[in-house]
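Read top to bottom, the protein sequences are chains S and E.
Counting from 1, one number per residue, gives the positions in the first sequence under our numbering.
Counting from 81, one number per residue, gives the positions in the second sequence under our numbering.
Beta carbons are placed, not taken as given, at the ideal position from N, Cα and C, and that holds for glycine.
Following: one structure in structure tokens, then a few remarks.
Protein chains: 2
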Amino acid sequence: MQYTVNITIALKEGMLDPEARAISNALEHLGIPTLSLSTARRFRIGLEAPTPEAAEERARECCERLLANPVIHRYEIEVA
Amino acid sequence: MQYTVNITIALKEGMLDPEARAISNALEHLGIPTLSLSTARRFRIGLEAPTPEAAEERARECCERLLANPVIHRYEIEVA
């Protein structure tokens, strides 16, 4: 079966996010003040797997072995 | 009222995504073949706005004026 998994990788709570800060400052200069701003990467991956659980497990492997740095990132996986 | 908007910015259909290609190759080398892979940026922004529609409009302004390049990017806005 073919599954699509959506992976969102963000910085863990409390990690400094200089990009978010820069964007927030730039928006303020454009007259769009923000209360909070955080950034994340999203990956949409098509996978062959026997079950949705297996697809999720493969997605987890993608995160652990390549996409995420477990020291600074948290990730969410959603199987569509 | 305070609103949280989730903005997802991705390359338009048909645009080359060299990062996605590199990740796809790397996953293949790790023994995780993929059928498709696309990348996107996600921004979660806290905004002050009178209505959800106004929050969405502000988010659109963020995209048009700063976050997205309308030539190559498409964006989705979701007001939470």
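Enclosing alpha helix (DSSP H) for residue i [first to last residue]
{"i": "alanine 102(E)", "result": "98-109"}
Proximity of residue i and residue j at Cβ, strictly below 8 Å
{"i": "leucine 46(E)", "j": "phenylalanine 43(S)", "result": "The structure shown has nothing for residue 46(E), since chain E only spans 81 to 160."}
{"i": "isoleucine 157(E)", "j": "cysteine 62(S)", "result": "no"}
{"i": "threonine 34(S)", "j": "leucine 127(E)", "result": "yes"}
{"i": "methionine 95(E)", "j": "alanine 129(E)", "result": "no"}
{"i": "valine 85(E)", "j": "glutamate 136(E)", "result": "yes"}
{"i": "isoleucine 152(E)", "j": "isoleucine 125(E)", "result": "no"}
First through last residue of the beta strand (DSSP E) which encompasses residue i
{"i": "alanine 134(E)", "result": "Premise fails: alanine 134(E) lies in the alpha helix (DSSP H), 132-142, not in any beta strand (DSSP E)."}
{"i": "glutamate 156(E)", "result": "153-159"}
{"i": "asparagine 6(S)", "result": "2-11"}
{"i": "isoleucine 125(E)", "result": "116-128"}
Residue nearest to residue i in terms of C-alpha spacing, selected from the options
{"i": "asparagine 69(S)", "options": "Tyr3(S), Lys12(S) and Asn6(S)", "result": "Lys12(S)"}
Between the CA atoms of residue j and residue i - distance to the nearest angstrom
{"i": "valine 159(E)", "j": "isoleucine 89(E)", "result": "15 Å"}
{"i": "arginine 154(E)", "j": "arginine 121(E)", "result": "11 Å"}
{"i": "arginine 138(E)", "j": "leucine 27(S)", "result": "10 Å"}
{"i": "alanine 20(S)", "j": "histidine 29(S)", "result": "14 Å"}
{"i": "serine 24(S)", "j": "glutamate 64(S)", "result": "30 Å"}
{"i": "aspartate 17(S)", "j": "aspartate 97(E)", "result": "24 Å"}
{"i": "tyrosine 83(E)", "j": "arginine 60(S)", "result": "31 Å"}
Contact set between residue i and chain E, taken where Cβ atoms lie within less than 8 Å
{"i": "alanine 26(S)", "result": "Leu146"}
{"i": "threonine 34(S)", "result": "Ile125, Gly126 and Leu127"}
Proximal chain S residues relative to residue i, where beta-carbon distance stays under 7 Å
{"i": "threonine 88(E)", "result": "Arg42"}
Interface residues of chain S facing residue i [CB-CB closer than 9 Å]
{"i": "threonine 119(E)", "result": "Arg41, Arg42, Phe43 and Arg44"}
Proximal residues of chain E, C-beta to C-beta of residue i below 7 Å
{"i": "cysteine 62(S)", "result": "Leu107 and Ile112"}
{"i": "arginine 21(S)", "result": "Under the 7 Å cutoff, chain E gives no residues; its nearest Cβ is about 13 Å from arginine 21(S)."}
Per-residue contacts from residue i into chain S (C-beta, under 8 Å)
{"i": "arginine 138(E)", "result": "Ile32"}
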